[in-house]
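Numbering (mature numbering (1 follows the signal peptide of the UniProt record, and there is no 0)), first residue to last: -19 to -1, 1 to 276.
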């Protein structure tokens, strides 16, 4: 009995000793990913009845998904941004029209060169979900569609990255492909493609910059800038796409958002009511209050 007690005591001491021995923790690969984003539904409405100053009844709704998927391990980083937006507006005696339609996928693979500098490979894809029309003509005229246009830009480069909210990537050898899959649009050479061709290849330099700052508590400003110069054709005619978004948080779920996008593209001609066309600065503005769920 004494021997059995001594054996049990020895086993207990061994178990306690083993339990207190420090072990190497298993790496948590999930912590290498930082995923955050927000889903926003914006609405705006105006209604008039017997209003002496006049006015047009109108309603608009926009749904926006804005997500970041960022990976970091040792000297490697991989930053991905996804923006999906779609909106409709309806005015009295006009009907429903599209006021927002965008698919934006941005990816930046980087290898640390110094504290804030990285060697990178950059990729950007932009298109839209549905058809777009010029309503100033009768009947309305088709001017865009899914993958008409679509822009795919990629290439090696280098980046200055201060944080997830401030980075600038420059690619001096970037390929850019303009895609026009709609037959009627490609037939007339829309968006710069050769008539009856579905794509146009460009080779040049690109710059992609992102900066988001908190102005005051619950108010932040987001800036996105994209530039591209084609070495093969008019390098001084620089494609410019600048977006600025203002986010104002009312409470946990309610926000007020305002945004503007300015695009200059020398290969895109804007139709006029007299059926002519011109190259002009494209401007889009969105303002509304709505529900936002942050992830």
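Beta carbons are placed, not taken as given, at the ideal position from N, Cα and C, and that holds for glycine.
Asked, Found
"Three-pair Cβ contact test at 8 Å for the segment 63 to 72 versus the segment 236 to 251", "no"
"Beta-carbon proximity list for residue 163, same chain, < 6 Å, skipping 5 on both sides", "126, 129"
"CB contact flag (residue 271, residue 21, <9 Å)", "yes"
"Three-state class that DSSP yields for residue 269 in the structure shown", "strand"
"Per-residue burial, residue 169 [other beta carbons within 10 Å of its own, 16 or more giving buried]", "exposed"
"At least 3 beta-carbon pairs within less than 8 Å: the segment 144 to 159 vs the segment 106 to 126", "no"
"Ordered list of alpha helix (DSSP H) runs contained in the segment 86 to 174, each at least 4 residues", "164 to 168"
"Close-in-space but distant-in-sequence residues of the same chain around residue 178 (CB under 7 Å, 5 per side omitted)", "167"
"Local conformation of residue 283 per DSSP, three classes", "Here the chain has residues from -19 to 276 only, and residue 283 is not among them."
"For residue 13, the residue or residues it bridges with in DSSP", "DSSP lists no partner for residue 13."
"Residue 29 - DSSP class collapsed to helix/strand/coil", "coil"
"Distance, residue 29 Cα to residue 215 Cα", "50 Å"
"Neighbourhood of residue 39 by C-beta, 6 Å cutoff - its chain only, sequence neighbours within 5 removed", "27, 72"
"Closest Cα partner of residue 106 within the set 95, 81, 133, 83", "133"
"First and last residue of the uninterrupted beta strand (DSSP E) at residue 182", "180 to 197"
"Buried or exposed by the 16-neighbour rule on C-beta atoms within 10 Å, applied to residue 198", "exposed"
"The beta strand (DSSP E) enclosing residue 240, as first and last residue numbers", "235 to 245"
"Classification of residue 274 by the beta-carbon crowding that lies within 10 angstroms, buried from 16 upward", "exposed"
"Best match in 241, 70, 183, 60 for proximity to residue 203 [C-alpha to C-alpha]", "241"
"Residue 212 vs residue 188 beta-carbon contact at 9 Å", "no"
"Test item: CB-CB of residue 47 and residue 88 under 9 Å", "no"
"Close beta carbons around residue 77, own chain, < 8 Å, minus the five adjacent residues each side", "69, 70, 71"
"Closest by C-alpha distance to residue 245, when choosing among 219, 266, 135", "219"
"Rounded Cβ spacing between residue 103 and residue 94 (contact assumed at less than 8 Å)", "With 8 Å as the limit, residue 103 and residue 94 do not qualify as a contact, their Cβ atoms being about 15 Å apart."
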